[in-house]
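Enquirer: Residue numbers (the working numbering), protein chains in the order written: chain A, 1 to 318; chain B, 319 to 617. Don't be surprised by glycine CBs; every beta carbon is placed ideally from N, CA and C. All figures in this text were calculated on a predicted structure; none of them were measured in a lab. One structure follows; several queries about it will come next.
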Amino acid sequence: MGDKVTLCYAGVKKVVKIAFFDKGKNIMNLATNEAQLVAMAVMGNISQPSLRYPGYTLDMNGIGRVWPGMSGVVYNARVGDPAFGWAGDHVEPGTSIANPDSAAEFALHYLSCIGNRAIVTSGLAQGAEGIVTGEHARMLVDFPPDANELLCVGDSVQIIAYGRGLALDEFPQIELKKVSPQLLHGIPMEIIDTPEGKKLRIPVTMALPPRIMGSGAELNSEYVDQDLMSGDRALMAELGIDQMRLGDLVVIPDADHHFGRGYRKGAVTIGLCIHGDSVMTGHGPGILTIITTAEPCIEWVIDPNANIANYLNIREIA
Amino acid sequence: MNKTIQTNIRTNSDKLVSVSVMGQIASPGFAGLPAVPYQLDSRGQPFLLPTFGGIVYNVSIGDSAYGWLADCIHPGVSISLKDENGNRGLNLFACVGNVAVVMSGDAKGVRGVVTGKSGRFSEHVIIHFAKADREKMAIGDKIVIRSMGVGMDLSDHPTVMLKSCSPELLNGLEVNSNSDGKLNVPVVGVVPPHLIGAGAGLTSEGGSVHIQTVDKAALAEAGLDQLRLGDVVALADTDSSWNHGYLRGAIGIGVIGQGDSPRSGYGPGVTLLMTSMSGGINPVVTPGVNVKEVFGLQD
């Protein structure tokens, strides 16, 4: 199979790249098993925001507020925009899709990878292409703003799921979760030699202390994200966490996310900010596990440009 | 059954309403077809062990929270109601220390005491009955809890919220006001925030928040590796006013309601009893603070 598939909707043929094989910004040419990966379609429908009557979300002072943010097409929050400061809760950038069939919904969640291509397959925007940017209770897809205007709740979106099983030849102790080859090659990682042996150095915008990792600890780590707990606003400012952007790569030291999300000294987890802040205690921006190791074989370097808007060529951000 | 303690604590307990909430002894449950029965431990090893629900004959409040070949085992008897909203009423109104009475089956009339709650994936209320009484019980038996405690507050400690805490428990815990105006609460240990796991971000009115135990060295360092079921602990830098979450200076108090787990992010579960987001609670580390002794529970 090549790196493109030809799709045909409404009589119009469309050639879609399933991966960037130009190795992107990844200067170290990491050896992977990607020649063995299988690409397959999964689908969801654009979701309708839903609230439980009377719609209140309690903030940390117990004040009930009604906030938008989850589901639907979010027209004005996009990967690369701030994660904090919205008059909204758990803002899901771009378009949120879900499948009404439970088993198919889990396939959508478990097989889709960050950086995968998405194609609208019904409605006015049929044929429009997007990129998977996150997984919350729904899959999150970025479409160009002009396509967003044509999207309707219920429209079908197909994802070319590609990346499950991806592994690094030289680092069997590192697990990749929901990392597409597109994303892997887009991140400028480096292999470095250290006295303890080879390590993978990964750019991140910031480090999150493990004590602030909250909601999502109760779930398996193949499913959705774990919120950082932003309730200590002074700490968010002290550590600069309040500068986080949607799409940022971050590191959580001493966190092992192989099978569940928990504290283990020396482990390292790299996460992706997939949704915005929350007023709810124990919640905050959503951090999706993308790379984890229980061994000390990952280092990180702080880089303010470590954002998938850059790495997946979604949009230019400063 | 509990001793009368003299404290300087004033409450509104004479205004509390006592109302029945009913549950039935819950069966343990597993996921359906294709019937893969395993959970994964923190290293990815599959395990198949007894887990929450049912009548547990040989694990009781006062026993170790660790070492059982089980996943978050509930000591004694777990009850729930099939009706989802009714079960929520049961889980929210039952308070630790409330009396539970068996209303059907061979154990009809037997009394027990609520000792804890479980959260998101089971939503049970956990009740201590004497071991001899457990032998007469059957899954499905109806149990009524004479719930009382929701709405209780402390007149002199407006920053302290009480959750799932009966007047009897408050009385038995030997809390008192200190000279700084804080509430002294005896506890066996203090959980540091980096060891607080599953349950963060979820409601504190019911359910449980779990102490993480994958990193045994970190657990020992925190002095939490000898916990018993029923022990009273403090949660450092944790605000549980509505949900459980990190906040420097906030303090929670809870009781160990269920046992350890091999799963990442899990471990002994804590049923929250008190919280103060502004640090109005002063935990006083005192060996042996356990609801078994507070209520004089029989094995």
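Pairing CB atoms from the segment 534-547 of chain B with CB atoms from the segment 405-413 of chain B, are three or more of them under 8 Å?
Expert: No: fewer than three Cβ pairs fall under 8 Å.
Enquirer: Among the candidates A:N116, A:R315 and A:L246, whose CA atom is the shortest distance from the CA of W86 of chain A?
Expert: Ranking A:N116, A:R315 and A:L246 by Cα distance to W86 of chain A puts A:L246 first.
Enquirer: Of the choices A:N307, A:W300 and A:P172, whose alpha-carbon is the least far from that of I202 of chain A?
Expert: Cα-wise, what sits closest to I202 of chain A is A:W300.
Enquirer: Would you call the segment 470-485 of chain B and the segment 420-428 of chain B touching, i.e. three or more CB-CB distances under 8 Å?
Expert: Output reads no: the segment 420-428 of chain B does not touch the segment 470-485 of chain B.
Enquirer: Quick one: what's got a C-beta closer than 7 Å to N310 of chain A's C-beta in the same chain, skipping five residues either side?
Expert: Excluding positions up to five away in sequence, the list reads I317.
Enquirer: Indicate whether at least one CB of chain A lies closer than 8 Å to the CB of G372 of chain B.
Expert: Not closer than 8 Å to any Cβ of chain A, the Cβ of G372 of chain B fails to qualify, so no.
Enquirer: Could you check the C-alpha separation between D232 of chain A and L565 of chain B for me, to the nearest Å?
Expert: So the two alpha carbons sit approximately 5 Å from each other.
Enquirer: Is it buried or exposed for K426 of chain B, if we count other Cβ within 10 angstroms and need 16 for buried?
Expert: Exposed, by the Cβ-count rule.
Enquirer: P476 of chain B touches chain A at which residues, Cβ-Cβ below 9 Å?
Expert: Those do not exist, as P476 of chain B stays about 13 Å from chain A at its closest Cβ, beyond 9 Å.
Enquirer: Return the bridge partner residues of D142 of chain A from the DSSP annotation.
Expert: Paired residue(s): A:I131.
Enquirer: Against H136 of chain A, what residues of chain B qualify as contacts under a CB-to-CB distance less than 9 Å, listed in chain order?
Expert: In chain order: nothing, as chain B lies at least about 14 Å away.
Enquirer: Suppose only complete runs of 4+ residues qualify. What are the alpha helix (DSSP H) ranges in the segment 84-115 of chain A, listed by chain order?
Expert: Qualifying alpha helix (DSSP H) stretches, in chain order: 102-111.
Enquirer: State yes or no: is the beta carbon of H258 of chain A nearer than 8 Å to at least one beta carbon in chain B?
Expert: Interface residue, yes.
Enquirer: Less than 8 Å between the beta carbons of G214 of chain A and D227 of chain A, yes or no?
Expert: Contact: yes.
Enquirer: Taking G266 of chain A as the reference, give the member of B:V612, B:D533 and B:P605 with the closest Cα.
Expert: The residue with the shortest Cα to Cα distance from G266 of chain A is B:D533.
Enquirer: D169 of chain A: buried (16+ other C-beta within 10 angstroms of its C-beta) or exposed?
Expert: The residue is exposed, with fewer than 16 neighbouring Cβ atoms inside 10 Å.
Enquirer: Just to confirm, is the Cβ distance from V620 of chain B to I343 of chain B under 8 Å?
Expert: Beyond the ends of chain B as shown, which are 319 and 617, falls residue 620 of chain B; an answer cannot be given.
Enquirer: Got a sec? Which residues, its chain only, sit under 7 Å from V42 of chain A by beta carbon, not counting five neighbours each side?
Expert: Excluding positions up to five away in sequence, the list reads A107, L108, L111, S112, I159 and A161.
Enquirer: Could you compute how far the alpha carbon of I397 of chain B sits from the alpha carbon of A456 of chain B?
Expert: Computed Cα separation, rounded: 11 Å.
Enquirer: Excluding five sequence neighbours on each side, which residues of the same chain lie with their C-beta closer than 8 Å to the C-beta of V503 of chain B?
Expert: So the qualifying residues of the chain are L491, V493, V550, A552, I571, M592, I599, N600, P601 and V602.
Enquirer: With a threshold of 6 Å on Cβ separation, who are the neighbours of D22 of chain A within its own chain once the five nearest residues in sequence on each side are excluded?
Expert: Per-residue confidence for D22 of chain A stands at a pLDDT of 46, beneath the threshold of 50, marking its modelled position as unreliable; no derived number is given.
Enquirer: Looking at T57 of chain A: is its Cβ nearer than 8 Å to the Cβ of D557 of chain B?
Expert: No; because the gap between Cβ atoms is not below 8 Å, this pair is not in contact.
Enquirer: Whole angstroms is fine: what's the gap from A103 of chain A's alpha carbon to G44 of chain A's?
Expert: The straight-line gap from Cα to Cα measures roughly 12 Å.
Enquirer: Residue ranges of each alpha helix (DSSP H) run of no fewer than 4 residues wholly in the segment 477-534 of chain B, ordered along the chain?
Expert: Complete alpha helix (DSSP H) runs here, min 4: 485-490.
Enquirer: Could you check which residue in B:V374, B:G517 and B:F365 has the C-alpha nearest to that of E453 of chain B?
Expert: Comparing Cα-Cα distances from E453 of chain B to each of B:V374, B:G517 and B:F365, the minimum goes to B:V374.
Enquirer: Taking the runs of the beta strand (DSSP E) that are 3 residues or longer, which of them lie wholly in the segment 351-430 of chain B?
Expert: Here the runs fully enclosed are 395-398 and 417-420.
Enquirer: Where in the segment 162-230 of chain A do unbroken runs of the alpha helix (DSSP H), each at least 4 residues long, occur, reported from the N-terminal end onward?
Expert: Taking only runs of at least 4 residues, the alpha helix (DSSP H) segments lying wholly in the segment 162-230 of chain A are 181-186.
Enquirer: If you draw a straight line from the C-alpha of P368 of chain B to the C-alpha of K610 of chain B, how long is it?
Expert: Between P368 of chain B and K610 of chain B, the C-alpha separation is close to 23 Å.
Enquirer: Return the chain-ordered list of same chain residues with a C-beta closer than 7 Å to the C-beta of G24 of chain A, the five sequence neighbours on each side being excluded.
Expert: A caution first: G24 of chain A carries a pLDDT of 47, below 50, which makes its placement in the model unreliable, though a value can still be read off. Here the set comprises H185 and G186.
Enquirer: For N307 of chain A, which residues does DSSP report across the bridge?
Expert: DSSP lists A:D248 as partners of N307 of chain A.
Enquirer: Relative to the alpha-carbon of A125 of chain A, which residue among A:V251, A:A147, A:V132 and A:I291 has its alpha-carbon at the smallest distance?
Expert: Of the candidates A:V251, A:A147, A:V132 and A:I291, the one whose C-alpha sits nearest the C-alpha of A125 of chain A is A:A147.
Enquirer: Could you pull out every unbroken beta strand (DSSP E) segment of at least 3 residues lying fully inside the segment 530-579 of chain B, listed in chain order?
Expert: With a minimum length of 3 residues, the continuous beta strand (DSSP E) runs that stay inside the segment 530-579 of chain B are 550-557 and 563-576.
Enquirer: Output the distance between the C-alpha atoms of T589 of chain B and C483 of chain B, rounded to the nearest integer angstrom.
Expert: Approximately 10 Å, taken between the alpha carbons.
Enquirer: What are the start and end residues of the alpha helix (DSSP H) that includes R452 of chain B?
Expert: Counting along the chain, the alpha helix (DSSP H) containing R452 of chain B begins and ends at K449 to R452.
Enquirer: Looking at the structure shown, is V339 of chain B part of a helix, part of a strand, or coil, going by DSSP?
Expert: V339 of chain B falls in the strand class under three-state DSSP.
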